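Enquirer:
In the working numbering, the protein residues as written are 199 to 872.
(1) Could you tell me whether the Cβ atoms of residue 633 and residue 585 are closer together than 9 Å?
(2) Extract the residue ranges of the alpha helix (DSSP H) inside the stretch 263–338, only unbroken runs of 4 or more that lie entirely within it.
(3) Can you tell me where the alpha helix (DSSP H) with residue 472 in it begins and where it stops?
(4) Which term fits residue 735, buried or exposed, when burial requires 16 or more other beta carbons within 10 angstroms of its beta carbon?
(5) Would you tell me roughly how many angstroms separate the C-alpha atoms of residue 746 and residue 697, rounded to the nearest one?
(6) Quick check: the Cα distance between residue 559 and residue 638, rounded to an integer number of angstroms?
(7) Name the DSSP beta bridge partners of residue 597, please?
(8) Do residue 873 and residue 264 have their CB atoms nearer than 9 Å?
(9) Less than 9 Å between the C-beta atoms of residue 240 and residue 421, yes or no?
(10) With distances taken Cα to Cα, identify the nearest neighbour of residue 340 among 766, 411 and 626.
(11) Using DSSP with H/G/I as helix, E/B as strand and the rest coil, what is residue 405?
(12) Who pairs with residue 651 in a beta bridge, going by DSSP?
(13) Reducing DSSP to helix, strand and coil, say where residue 742 ends up.
(14) With DSSP as the reference, identify every bridge partner of residue 156, one or two as the case may be.
(15) Would residue 150 be called buried (16 or more neighbouring beta carbons within 10 Å of its own) or exposed?
(16) Throw me the rounded Cβ distance for the residue 300 and residue 229 pair, which I believe falls under 8 Å.
(17) In terms of alpha-carbon separation, which member of 824, 802 and 790 lies closest to residue 154?
(18) Please confirm whether residue 259 and residue 350 have their CB atoms less than 9 Å apart.
(19) Just verifying my parser: in three-state terms, what is the DSSP assignment at residue 679?
(20) Beta carbon of residue 712, beta carbon of residue 423: below 9 Å?
(21) Alpha carbons only, please: which of 656, 732, 552 and 670 is nearest the one belonging to residue 917?
(22) For residue 439, count neighbouring C-beta atoms within 10 Å of its own C-beta (all shown protein chains included) and say buried if the count is 16 or more, exposed if not.
(23) Per the DSSP calculation, residue 658 is bridged to which residue(s)?
(24) Taking the straight line between their C-alpha atoms, what separation do you get for residue 213 and residue 446?
(25) Do residue 837 and residue 856 have their C-beta atoms closer together than 9 Å?
(26) Please classify residue 469 as buried or exposed, where buried requires at least 16 other C-beta atoms within 10 Å of its C-beta.
(27) When you compare the stretch 531–538 with the stretch 365–374, are there three or more beta-carbon pairs, one atom per stretch, that lie closer than 8 Å?
(28) Could you tell me the alpha carbon to alpha carbon distance between residue 219 and residue 675, rounded to whole angstroms?
(29) Can you check the stretch 515–569 for any alpha helix (DSSP H) of at least 4 residues that lies completely inside it and give the ranges in chain order?
(30) Taking just the CA atoms, how far does residue 684 sit from residue 716?
(31) With the cut-off set at 9 Å, would you say residue 757 and residue 724 are in Cβ contact?
(32) Quick one: give me the first and last residue of the beta strand (DSSP E) that residue 357 is part of.
(33) Have a look at the DSSP bridge pairing and note the partners of residue 608.
(34) Measure the alpha-carbon distance for residue 541 versus residue 568 and round it to whole angstroms.
(35) Starting from the N-terminal side, write out each stretch of the alpha helix (DSSP H) that is 4 residues or longer and does not extend beyond the stretch 387–474.
(36) Can you give me the start and stop residues for the beta strand (DSSP E) that residue 692 sits inside?
Below you can see the structure in the form of structure tokens.
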């Protein structure tokens, strides 16, 4: 490619794009680590986007009505870091650029939303960014319908590479976006035909243009290094009521000796080649040097949006105080004051009525009480609405013809659903939740992990949470999934015992600001165990004494979810034989671990044998509570699963696998050597 001709055709554009390329080369070389090729190849697209189209204000990177820019190909993080530095973002200084990929720097190896204001989402695992973007675009549509175009009117732009489009979650995202006609979603495909192992055709022959078109997208094909073509394509994309994919034919590591090769994907650190590339750019500056005139032009681009932001603030001030308060509250993830009262009333009614309900059904009842007072909740299910019980009576369905709908039919797309929900939470102003079977956390897992990493309060409603689902058999019966979820940092896993604990779990999930929640809910009916109404949210303590020993305490039964009622049965049998037994309900191990040591010791004192009861494998934190926090405080046993389930009615399965009150009594006696 003739770089001189490209520069001569538009020298002002070229110099701005060259600043991205040279900063990338210098930062990666200094770190001796990173990915140079993508930022060098997509610098022209990014320059045109930021200069001519992207609505943003570098001095206020979290302004709610900004356009969102998502770097789905997160390995090319120096592209976004360069843009943020050049446009004047306060978080990304030249010193941060120089410390790219170093301990303590905000310029991490992949973009992290919680480190830098101006990075919309954490990317790196390929396919996540483009899938988050669907949630961003949905959130914009929902909020525009709710608050009006004068308050919410922005685009979501994405740069995605071949790797993003090969990941399976991208297909879920693309087809979901096409179905919902998300016209304000614009994806740039970095069509450079290179992956780490070689050219794309060694692994894939997909016609991406036809693929997107078949999914309901507008597709535009351009030369990704022609600024006029890029500008015209974006303008055309913004006028469509369909999502748009702009296929940008590009050259990875443009102007470098590694251009158009798989070596160009990674770290380009050879100093002679780096020098030659800078000379080819007509930018033979020292390391990390950007000419003052070029930096000044970029900073002007960064400040251009200040006037638009000011005008938006004036429009915002003109809407009702009620709407302003709701908008600000929801963007701050503040629950409405009415929530606590609604939960208390629900709990009182359940303690009085004492229904036998599946906790998934209890969850639906809670949502019917909560959703009308929390307009920011957006629900959904991966084609299991009637099983997950995630749709409340007041929710219309989100569709192109009904943007006010608050319920989304995600289809059989568990991974895409989880990623889109993360995007909604990241967009701001929305509390997303969505359901599938607990066993299918396997499909949603990468996005569930990223929700925890990104510190966002996405709520994952996982029903049919044990062998209690019965005849569908071991493929659908989760045994290890609770442990996997509990092992994930910054994640709260709730397994409520009855309708009261279910309400308390929802209250907590809807008040967290920087942690996701997993609600593990039963298919089968369970009796009410919280029969005495308590205003206090006992689930917030993670574990608590549900029933005290009647005589001298010799045993402590620790149970979760559907097995709490089984523990109560076992207690009655043990007490009848003079064995004093305490029952501890532990709906959330993570919250229990956060309580002070004195409280934990009061709930789980020494001197008694301990038996854990859960229809899952003994992992994910159980030993800490069974053996004691020093690992030697108590004789302990576990009633649960040691392998996969089977296909049969639930009651038969519990007996078959020995998860019964009788087995619990026998285990206690064995430990007491009776």
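The C-beta atom is built at its ideal place from N, Cα and C for all residues, glycine as well. This structure is a prediction, so every number in the text was calculated from the model and none was measured.
Expert: Looking at the coordinates:
(1) yes
(2) 275–285 and 292–296
(3) 469–478
(4) buried
(5) 21 Å
(6) In this structure, the alpha-carbon of residue 559 lies about 19 Å from that of residue 638.
(7) For residue 597, the pairing in a beta bridge is given by DSSP as 600.
(8) The requested residue 873 is not part of the displayed model; the chain covers only 199 to 872.
(9) Cβ atoms of residue 240 and residue 421: not closer than 9 Å.
(10) 626
(11) coil
(12) Answer by DSSP bridge pairing: none, since residue 651 is not bridged.
(13) strand
(14) Residue coverage of the chain in this structure runs from 199 to 872, which leaves residue 156 outside it and unanswerable.
(15) Because the chain here runs from 199 to 872, residue 150 falls outside it and cannot be looked at.
(16) Between the beta-carbon of residue 300 and that of residue 229 there is about 7 Å, and that keeps the pair under the 8 Å contact cut.
(17) The chain is shown from 199 up to 872; residue 154 falls before or after that span and cannot be answered.
(18) no
(19) helix
(20) no
(21) Summary: the structure shown does not reach residue 917, with the chain confined to residues 199 through 872, and so no result is reported for it.
(22) The residue in question, residue 439, is exposed, as its Cβ has fewer than 16 Cβ neighbours within 10 Å.
(23) As computed with DSSP, residue 658 is found in a beta bridge with 632 and 716.
(24) C-alpha of residue 213 to C-alpha of residue 446: approximately 20 Å in a straight line.
(25) Result yes, Cβ atoms of residue 837 and residue 856 sit closer than 9 Å.
(26) exposed
(27) Contact between the stretch 531–538 and the stretch 365–374 is absent, because fewer than three Cβ pairs lie under 8 Å.
(28) 51 Å
(29) 519–529, 536–551 and 557–568
(30) 9 Å
(31) no
(32) Per DSSP, residue 357 belongs to the beta strand (DSSP E) from 354–359.
(33) Answer is none; residue 608 lacks a bridge partner.
(34) 8 Å
(35) 406–412 and 425–436
(36) 690–692
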